[in-house]
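Everything in the sequence shown is counted per UniProt numbering, starting at 1 for the first residue and increasing by one.
All C-beta atoms in this analysis are idealised placements derived from N, C-alpha and C, irrespective of residue type, glycine included.
Here the structure is a predicted model, which is why all the values come from computation and not from measurement.
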Amino acid sequence: MEMSASTISLLVISSCVFWSSLYGLFCYLCPQRSYEWNCRAVTLVHAVTIVVMSYIFGIYYNPWPFTHPGGKSSIHEVYTMVVCVGYFIFDFVWCVWFRDQESSVMLVHHLITIVGILAALAWEHSGTEVGATIFGAELSNPLLQMRWFMRQAGWKGSFLYEVNDFLFLLTFTVCRIGLGSYFLYCELLHPLPRMFFKVGAVALYLVSWVLMVNILVFTSRKYTKMYHGWTGKTVDGPHGQPLVDRNSTVHAKEDERVRMRNGYAAVDG
Numbered sequence: 001m002e003m004s005a006s007t008i009s010l011l012v013i014s015s016c017v018f019w020s021s022l023y024g025l026f027c028y029l030c031p032q033r034s035y036e037w038n039c040r041a042v043t044l045v046h047a048v049t050i051v052v053m054s055y056i057f058g059i060y061y062n063p064w065p066f067t068h069p070g071g072k073s074s075i076h077e078v079y080t081m082v083v084c085v086g087y088f089i090f091d092f093v094w095c096v097w098f099r100d101q102e103s104s105v106m107l108v109h110h111l112i113t114i115v116g117i118l119a120a121l122a123w124e125h126s127g128t129e130v131g132a133t134i135f136g137a138e139l140s141n142p143l144l145q146m147r148w149f150m151r152q153a154g155w156k157g158s159f160l161y162e163v164n165d166f167l168f169l170l171t172f173t174v175c176r177i178g179l180g181s182y183f184l185y186c187e188l189l190h191p192l193p194r195m196f197f198k199v200g201a202v203a204l205y206l207v208s209w210v211l212m213v214n215i216l217v218f219t220s221r222k223y224t225k226m227y228h229g230w231t232g233k234t235v236d237g238p239h240g241q242p243l244v245d246r247n248s249t250v251h252a253k254e255d256e257r258v259r260m261r262n263g264y265a266a267v268d269g
């Protein structure tokens with residue numbers, strides 16, 4: 001079943017309207033919550049939805065993406081990409097509007113994703129690898145959102161919080177860096193995908209490495225402080241100033257955090 005360009009355009013617009021309306025609904029139902037809280041609620045709904053859709057229609061009932069990229073997109077792949085790109089357009093606009101709260105890396109990540117999906121929809125090809133990329137990139141996203149919501153609920157430092165942090169780091173590393181490296185290798189060597197998608201794959205892979213470095217820097221600082229807090233050692237900062245007292249837990253600024261959404265992470269302090 002083939003779709004006309006006007007039909008696909010209408011579906012993309014409808015997807016944007018849906019995610020924007022869901023955000024508006026959260027703002028209406030939860031007026032006491034911040035704009036970011038409501039946006040992350042939408043992000044969590046999208047993350048769970050798109051992980052299920054991209055696995056079923058992009059992995060399970062699809063040609064193996066490592067060996068068959070660049071083929072004609074199926075109707076299920078089109079629906080998956082439409083749902084995903086509508087959300088990313090909504091979130092891109094949200095990030096631009098609240099620019100002071102986000103990094104430019106987030107905007108670059110979103111822009112590459114939007115352009116890549118729209119190109120796959122326009123050319124009606126490469127839905128297989130785009131769907132697989134969506135699955136691998138979004139698989140860790142629910143963990144990111146749960147991390148933020150647990151912090152808001154005062155669960156930071158709890159057992160569940162630390163387990164969630166570890167699972168996020170593991171999932172992100174395995175999917176984006178481990179499998180992502182091999183997937184990029186297969187995409188670049190295969191003759192069928194257009195050069196546009198190969199260049200896009202390289203760009204998204206480089207963004208993943210930027211995010212990975214940010215996450216590793218934060219993780220190293222976090223667990224180093226935790227270790228010294230448990231062993232009672234003092235960690236010296238600039239000019240010999242102690243960052244962690246011998247008989248105290250880790251002292252951190254109240255606003256120190258990792259802002260992460262859609263696979264994005266940046267250290268704030």
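| Check | Outcome |
| --- | --- |
| Spatial distance of residue 163 from residue 144 (CA atoms) | 12 Å |
| Nearest candidate by alpha-carbon position, reference residue 96, set 108, 86, 85 | 108 |
| Classification of residue 55 by the beta-carbon crowding that lies within 10 angstroms, buried from 16 upward | buried |
| Where residue 72 sits in the DSSP three-state scheme | strand |
| Inter-stretch contact (C-beta, 8 Å, three-pair minimum) for the region 20-32 and the region 53-68 | no |
| Straight-line gap, residue 207 to residue 105 (C-alpha atoms, nearest Å) | 8 Å |
| Three-pair Cβ contact test at 8 Å for the region 82-93 versus the region 6-13 | yes |
| Bridge-paired residues (DSSP) for residue 125 | 72 |
| CA-to-CA distance, residue 160 to residue 113, given in whole angstroms | 31 Å |
| Where residue 98 sits in the DSSP three-state scheme | coil |
| Alpha carbon of residue 31 to alpha carbon of residue 177, nearest angstrom | 39 Å |
| CB contact flag (residue 181, residue 124, <7 Å) | no |
| Residue 148 classed as buried or exposed, judged by whether at least 16 other C-beta atoms fall within 10 angstroms | buried |
| Reference residue 79; option with closest CA among 45, 142, 120, 198 | 120 |
| Cα-Cα separation between residue 116 and residue 195, rounded to whole angstroms | 12 Å |
| Proximity of residue 58 and residue 168 at Cβ, strictly below 7 Å | no |
| Where residue 263 falls: helix, strand or coil (DSSP) | Because the pLDDT of residue 263 is 45, which lies under 50, any placement of that residue in the model is unreliable, and the question is left without a value. |
| Residue 141 (DSSP reduced to helix, strand or coil) | helix |
| Straight-line Cα distance separating residue 204 from residue 93 | 19 Å |
| Straight-line gap, residue 155 to residue 215 (C-alpha atoms, nearest Å) | 20 Å |
| Separation of residue 222 from residue 232, as counted between CA atoms | 15 Å |
| Status (buried if at least 16 other CB within 10 Å, exposed otherwise) for residue 41 | buried |
| Assigned secondary structure, residue 32 (DSSP; H/G/I helix, E/B strand, else coil) | coil |
| Residue 197 versus residue 129: straight-line alpha-carbon distance, rounded | 9 Å |
| Extent of the continuous alpha helix (DSSP H) run through residue 185 | 180-189 |
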